[in-house]
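What follows is one structure encoded as structure tokens, with my remarks underneath.
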Amino acid sequence: MEHIERESMEFDVVIVGAGPAGLSAAIKIRQLAIENNLPDLSVCVVEKGSEVGAHILSGAVLEPRALNELFPNWKEEGAPLNVPVAEDKTFFLLSDTTSKEVPHWMVPKTMHNDGNYIVSLGNVVRWLGQKAEELEVSIFPGFAASEVLYHEDGTVKGIQTGDMGIGKDGEPTHNFTAGYELHAKYTLFAEGCRGHLGKRLIAKYNLDKDADPQHYGIGIKELWEIDPAKHKAGLVMHGAGWPLSETDSAGGWWLYHAENNQISLGMIVDLAYENPHMYPFMEMQRWKTHPLIKQYLEGAKRISYGARAVVKGGFNALPKLTFPGGCLIGDDAGFLNFAKIKGSHTAMKSGMLCGEAVFEAIATGVEKGGDLAIARITEGEDLFAKELTTYTDKFNNSWLKEELYNARNFGPAMHKFGMWIGGAFNFIDQNIFKVPFTLRDLKQDFAALKKLDAVQFKPKYPKPDGKLSFDRLSSVFISNTVHEENQPAHLKLQDILIPVKVNLPVWDEPAQRYCPAGVYEITEDQNGDKRFQINAANCVHCKTCDIKDPSQNITWVTPEGGGGPNYPNM
13 MEHIERESME FDVVIVGAGP AGLSAAIKIR QLAIENNLPD LSVCVVEKGS
63 EVGAHILSGA VLEPRALNEL FPNWKEEGAP LNVPVAEDKT FFLLSDTTSK
113 EVPHWMVPKT MHNDGNYIVS LGNVVRWLGQ KAEELEVSIF PGFAASEVLY
163 HEDGTVKGIQ TGDMGIGKDG EPTHNFTAGY ELHAKYTLFA EGCRGHLGKR
213 LIAKYNLDKD ADPQHYGIGI KELWEIDPAK HKAGLVMHGA GWPLSETDSA
263 GGWWLYHAEN NQISLGMIVD LAYENPHMYP FMEMQRWKTH PLIKQYLEGA
313 KRISYGARAV VKGGFNALPK LTFPGGCLIG DDAGFLNFAK IKGSHTAMKS
363 GMLCGEAVFE AIATGVEKGG DLAIARITEG EDLFAKELTT YTDKFNNSWL
413 KEELYNARNF GPAMHKFGMW IGGAFNFIDQ NIFKVPFTLR DLKQDFAALK
463 KLDAVQFKPK YPKPDGKLSF DRLSSVFISN TVHEENQPAH LKLQDILIPV
513 KVNLPVWDEP AQRYCPAGVY EITEDQNGDK RFQINAANCV HCKTCDIKDP
563 SQNITWVTPE GGGGPNYPNM
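Residue numbers (my numbering): 13 to 582.
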């Protein structure tokens, strides 16, 4: 494709991603700008979803600590935190029919939910978006950040939004619209788990050289409307055990009684699982047939479905947060606290800390004679700090670091010692006394997958009944996933031969199973020749393939802006 002339727009700050971290950063910057008489400081947020909240998926139980700091009067301002946790229960599923409730005193304190709220995180983010716009943040939904732009000296200059109207052949169609260049003093990356630009920045600047490998889970969620007689607003249920125990896979489940007779339920499967036959989507479908879960779903209606990867490496896996011209915030860096199974308050706090650092740097530059208008800053003037090391300083002196540091051993203990011994270790570490050492978990998730000849057990998955359990395609349908069909596939193979020549004989091509949207298939023609098919239009943007492919052959990049799921109330 020929070189394209692009229009550019100048902002003081550009933020990639309108999730909890990105919007909290934008809000904090504008709050400080107004308080400190810099009302013209401009902040732009680009969001690949069709609207703010369209791609937001979480359980979710929200700890309001960061929200209390950002908007102390959030209740009066109408934040959608309407269901306080009323009851907190934890269960172990012993088999497909039996379960045992864990006494509350035996549950690690990090998993207690006193003072928290059952929410739709998508609706919380929509509210944050409204608050940001009231503060004159420019939000551009439907625009995917496709490339990082650099100055000649290697510092980040901003981002380029994706071109629209590129055909499958890679050439412009009659609908072609060139993407924009968005330039900024500072660019903040808040793309969520396994952000495709964040991944590139970590590699380019070697940000993870002193960190443990990052770890992930795949979270699969459904929203149901149930019989009002069975609904118990504020009831929080968590658990582990069957069916994942049959394949010695780690993970857990949740079931939250939200508002309007709805329940949020789902499963997180650790992506360090070993059995290549294990099928996370079907494990979640099978789990719903357990009597403990089924009692709420009989006679109920499934109204939404979604999936996304969950970042869970915690403190030990945090990369360096800053690089010249930009920062990583939220799940792009990996701030989720897996000991709490919560990342919204930590993402928000990281955005707020970064927002403070950004504002202070810009304000200092203005005091030194700089101008908010980027065009009037001449080359060579170093009025604005190129690397925001003060963001790291603020993190190191915050409750966010303390919280993550105290939970640093939670995930490694479960990986190293298994559910029972690891659970006992975490009970002692979180409830009795802090152990004085740090456990390490150095094996990449994709490398944990065993070869077919090393695995004896192959689980059997019943055919979905269409009442409690469902197939992937009907599930994707209710995720409201839409992509422009005539566009290049956003799932890139480094080598098109690897899926059939390597992954199929060695691991029975696990992409057929780990993808929760049925994107990947092995098809066979009349001659018996096998082919790897990518149904990119099904993709719900979970990024699991980018993480779990054992050959690391699949790279997820952004499709056209506005494509993907459109999650309501998730």
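Using N, Cα and C, we set each Cβ at its ideal position, and we do this for glycine too.
Since the structure is predicted, the reported quantities are computational estimates derived from the model, not experimental observations.
Could you round the C-beta distance between residue i and residue j to whole angstroms and report it? I think they count as a contact, below 8 Å.
{"i": "Asp630", "j": "Pro331", "result": "No answer is possible for residue 630: the residues shown for the chain start at 13 and end at 582."}
{"i": "Thr173", "j": "Pro303", "result": "No, Thr173 and Pro303 are not in contact; Cβ-Cβ is about 50 Å, not under 8 Å."}
{"i": "Arg42", "j": "Leu147", "result": "4 Å"}
{"i": "Ala351", "j": "Gln442", "result": "7 Å"}
{"i": "Tyr526", "j": "Pro292", "result": "6 Å"}
{"i": "His195", "j": "Gly170", "result": "4 Å"}
For residue i, which three-state DSSP category applies?
{"i": "Val512", "result": "helix"}
{"i": "Ile171", "result": "strand"}
{"i": "Asp344", "result": "helix"}
{"i": "Tyr268", "result": "strand"}
{"i": "Trp236", "result": "strand"}
{"i": "Tyr192", "result": "coil"}
{"i": "Arg484", "result": "helix"}
{"i": "Asn408", "result": "helix"}
{"i": "Gln506", "result": "coil"}
{"i": "Pro51", "result": "coil"}
{"i": "Asn187", "result": "strand"}
{"i": "Ile16", "result": "coil"}
{"i": "Glu203", "result": "coil"}
{"i": "Thr556", "result": "helix"}
{"i": "Ile27", "result": "strand"}
{"i": "Thr450", "result": "coil"}
Please go through the same chain and pick out, in chain order, the residues whose beta-carbon is closer than 8 Å to the beta-carbon of residue i, but skip the five residues on each side of it.
{"i": "Leu583", "result": "Residue 583 lies beyond the range of the chain shown here (13 to 582); nothing can be said about it."}
{"i": "Glu145", "result": "Ile151"}
Beta strand (DSSP E) containing residue i: first to last residue?
{"i": "Gly251", "result": "Leu247 to Gly253"}
{"i": "Thr567", "result": "Ile566 to Trp568"}
{"i": "Arg525", "result": "Per DSSP, Arg525 belongs to no beta strand (DSSP E); it is in the alpha helix (DSSP H), Ala523 to Tyr526."}
{"i": "Phe350", "result": "First-last for Phe350: undefined, no H or E at that position."}
{"i": "Gln274", "result": "Gln274 to Asp282"}
{"i": "Arg420", "result": "Arg420 -> no beta strand (DSSP E), and no H or E assigned at all."}
How many angstroms separate the CA atom of residue i from the CA atom of residue j?
{"i": "Leu461", "j": "Ala241", "result": "44 Å"}
{"i": "Ser276", "j": "His250", "result": "12 Å"}
{"i": "Leu105", "j": "Lys413", "result": "34 Å"}
{"i": "Ala245", "j": "Val494", "result": "33 Å"}
{"i": "Pro500", "j": "Glu183", "result": "9 Å"}
{"i": "Glu575", "j": "His116", "result": "Note that residue 575 is Gly in the sequence shown here, rather than Glu. Each residue's alpha carbon lies about 43 Å from the other."}
{"i": "Pro76", "j": "Leu464", "result": "45 Å"}
{"i": "Ser481", "j": "His269", "result": "20 Å"}
{"i": "Val467", "j": "Asn287", "result": "7 Å"}
{"i": "Val73", "j": "Ala215", "result": "33 Å"}
{"i": "Ala156", "j": "Thr570", "result": "7 Å"}
{"i": "His243", "j": "Tyr308", "result": "8 Å"}
{"i": "Asp537", "j": "Arg543", "result": "8 Å"}
{"i": "Pro522", "j": "Asn515", "result": "7 Å"}
{"i": "Phe449", "j": "Lys324", "result": "19 Å"}
{"i": "Leu485", "j": "Ile178", "result": "26 Å"}
{"i": "Lys446", "j": "Asn421", "result": "10 Å"}
{"i": "Ala419", "j": "Asn539", "result": "55 Å"}
Got a sec, what are the start and stop residues for the alpha helix (DSSP H) residue i sits in?
{"i": "Glu358", "result": "Per the sequence shown, the amino acid found at residue 358 is Thr instead of Glu. Thr358 -> alpha helix (DSSP H) spans Ser356 to Glu379."}
{"i": "Cys56", "result": "Per DSSP, Cys56 belongs to no alpha helix (DSSP H); it is in the beta strand (DSSP E), Val55 to Glu59."}
{"i": "Ser111", "result": "Unbroken run through Ser111 is the beta strand (DSSP E), Ser111 to Val114; no alpha helix (DSSP H)."}
{"i": "Asn80", "result": "Arg77 to Leu82"}
{"i": "Ser158", "result": "No alpha helix (DSSP H) holds Ser158; the beta strand (DSSP E) holding it covers Ala157 to Tyr162."}
{"i": "Asp561", "result": "Premise fails: Asp561 is in no alpha helix (DSSP H) and is neither H nor E."}
{"i": "Ala144", "result": "Leu133 to Glu146"}
{"i": "Ala321", "result": "No alpha helix (DSSP H) holds Ala321; the beta strand (DSSP E) holding it covers Lys313 to Val323."}
Give me, in chain order, the residues of the same chain whose beta-carbon lies closer than 6 Å to that of residue i; leave out the 5 immediate sequence neighbours on both sides.
{"i": "Phe103", "result": "Ser111, Glu113 and Gly251"}
{"i": "Ile16", "result": "Ala190"}
{"i": "Pro336", "result": "Thr167, Lys398 and Glu399"}
{"i": "Met118", "result": "none"}
{"i": "Lys555", "result": "Arg206, Ala321 and Trp568"}
{"i": "Gln34", "result": "Note on residue identity: the sequence assigns Gly, not Gln, to residue 34. Cβ neighbours of Gly34 beyond the five flanking positions: Ile27, Val57 and Ala202."}
{"i": "Asn547", "result": "Val531"}
{"i": "Gln545", "result": "Glu533 and Thr535"}
{"i": "Ile508", "result": "none"}
Give every residue of the same chain whose Cβ lies closer than 7 Å to the Cβ of residue i, excluding the five residues on either side of it in the sequence, and list them in chain order.
{"i": "Asp457", "result": "His227, Tyr228, Leu283, Ala284, Ile559 and Lys560"}
{"i": "Gly207", "result": "Phe201 and Asp344"}
{"i": "Gly430", "result": "none"}
{"i": "Cys366", "result": "Ala37, Leu200, Cys339, Ile341 and Tyr403"}
{"i": "Ser356", "result": "Pro32, Ser70, Ala72, Leu74 and Leu133"}
{"i": "Thr390", "result": "Only weak support exists for where Thr390 lies, its pLDDT of 43 falling under 50; the value from the coordinates is given anyway. For Thr390, where only same-chain residues beyond five positions count, there are no Cβ hits under 7 Å."}
{"i": "Ala375", "result": "Asn48 and Leu50"}
8 Å is my cut-off, CB to CB: does residue i come that close to chain C?
{"i": "Ser276", "result": "Included in the structure is just one protein chain, with no chain C present."}
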